[in-house]
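So the numbering used here is basically just the index in the sequence shown, starting at one, shifted up by 1.
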Amino acid sequence: MKFALFKDERIEATKGAKGVCPCCGSELVAKCGEIKVHHWSHKKKCDDHWWENETEWHRNWKNKFPKKWQEIIQKDESGEKHIADVKTSNGWVIEFQHSAISKEERDSRDYFYNKLIWVIDGTRRPTDIKQFQDEINLVRNMRNKTRVLGYEFPEDYRLIREWGSSKSKVLIDFGTDELWLIYNGFYTSAFSRNSFIEMMNNTQSDEVYKVLLDPIQKQIDEIKAEQEKNRREQEEKDRIRGQKFIEEDLRIRKKYDMKDDEDWFEGSLGIKIFKRYGEKIVYRRPKPKIPYVIGICRNRFHYFDIKVASSILNNYVEVMKKLDYSDEQIEDEFDINVIPKTMDVKNWTEWKNLMEQLKQRIGKR
Ligand SMILES: [Zn+2]
């Protein structure tokens, strides 16, 4: 404690000085050693169970504000009294919290002081700094918004777990130039330490919302709007893709004259039609694609004899059957060789030569 009461005056600890606790009225001892900052210590425990022993970190923070704002006794309607670390002229209470506190205690302080800002010592546990740094670097790389990092922190982030649900504003002090605000549980935002101190010292410290929170809320709204826009665009894309698939499905069903209990998939060799019997998948018996090849020839060649073409193709299928080609293999032969090569040749004569070559090739197999 920095101040004791002596004859109704607030006095700091000096060697041999006497005073009482402004909160509980019990006697205090001035501690003026070489190592720790000079402070007042209770002879017996203070009634204000929220009070934690002051560290240098506490004292440095308090000293950023006028003396008359430091260690202010706060009373509620029930008469409960506590010492607020700092209370600004606009009624904002700033609590500097070094040690861990339970959620219950945090909540009761959140309710006791209605305009409360927590400043948390983030350097107490080394893992906290490391987790935060890693995560902040990661999120900063993902998003160009420098002010707000909207992010769901992992479960094991103790600082977020302990402070994320506070209804007050929570700033984490990692000992750097920036304080990290935890906002609505999973948004964090860096805020300049000096600007914060300046803002709170300013008589218009109610600007805390305007200066600190409004720009953050604005960015959060932008992020949310962007996410919503992306979601809607994705939905539209999915809808169009679904529509196209339905159209394609209908087209293929019509083209292959598929029955309702048959389905299809697009394989490397084209459309395959199958029917499912329990666990078993049965492919539809493939048909030689003779009419399809004849169609290609008719469209591409000036001169073309349908009877000759049919007989060449039927003969080709017969040869494959004699060579014990399965129906599937015959279909593949059409898909891999006959159809694409028919599309490559320029006229009827070339096509007849092509078919002769293909026949000789399978004969050698
Ligand atoms: Zn006391």
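In this text, a Cβ means the ideal position worked out from N, Cα and C, and glycines have one as well. Since the structure is predicted, the reported quantities are computational estimates derived from the model, not experimental observations.
Endpoints, the beta strand (DSSP E) within which residue i is located
i: E105; result: It is not in any beta strand (DSSP E) - E105 instead sits in the alpha helix (DSSP H) that spans K104 to F113.
i: D58; result: Just to set this straight, residue 58 is Trp in the shown sequence, not Asp. Premise fails: W58 lies in the alpha helix (DSSP H), E57 to K63, not in any beta strand (DSSP E).
i: R11; result: E10 to E13
i: I36; result: Taken as a continuous stretch (DSSP letters only), I36 belongs to no beta strand (DSSP E), as it is neither H nor E.
i: V171; result: K170 to D174
i: D1; result: Absent from the structure is residue 1, since the part of the chain shown begins at 2 and ends at 366.
i: V294; result: No beta strand (DSSP E) holds V294; the alpha helix (DSSP H) holding it covers I291 to R301.
i: K73; result: Note on identity: in this sequence residue 73 is Ile, with Lys being the wrong assignment. It spans Q71 to K76 - the beta strand (DSSP E) in which I73 sits, taken as one unbroken run.
Bridge-paired residues (DSSP) for residue i
i: L29; result: G20 and H43
i: S327; result: DSSP output for S327 lists no bridge partner at all.
i: F7; result: E10
i: L359; result: BP columns for L359 are empty, so no partner.
i: F97; result: V120
i: Y284; result: F275
i: E163; result: Paired residue(s): none; E163 is not in a bridge.
i: L314; result: Answer is none; L314 lacks a bridge partner.
i: W1; result: Outside the displayed span of the chain (2 to 366) sits residue 1, for which this structure offers no information.
Residue range of the alpha helix (DSSP H) that includes residue i
i: R126; result: Taken as a continuous stretch (DSSP letters only), R126 belongs to no alpha helix (DSSP H), as it is neither H nor E.
i: Y158; result: Element bounds for Y158: n/a, residue is neither H nor E.
i: T343; result: I340 to D345
Exposed unless 16 or more other CB atoms sit within 10 angstroms - verdict on residue i
i: V294; result: buried
i: V120; result: buried
i: D283; result: With the sequence shown as reference, residue 283 is identified as Val, and Asp is not the correct amino acid for it. Classification of V283: exposed, given that the 10 Å Cβ count is below 16.
i: Q361; result: exposed
i: S193; result: exposed
i: G296; result: exposed
i: S90; result: exposed
i: I241; result: exposed
i: E248; result: exposed
i: D1; result: An answer regarding residue 1 cannot be provided, because it is not within the stretch 2 to 366 covered by the chain.
i: A14; result: buried
i: D222; result: exposed
i: P341; result: exposed
i: F7; result: exposed
i: D239; result: exposed
i: M344; result: exposed
i: A226; result: exposed
Runs of alpha helix (DSSP H) lying entirely within the stretch 231 to 282, each at least 4 residues, in chain order: none
For review: beta carbons within less than 6 Å of any heavy atom in ligand 1: C22, C24, C25, S27, H43, C47, D48 and D49
Runs of beta strand (DSSP E) lying entirely within the stretch 183 to 218, each at least 3 residues, in chain order: 188 to 193
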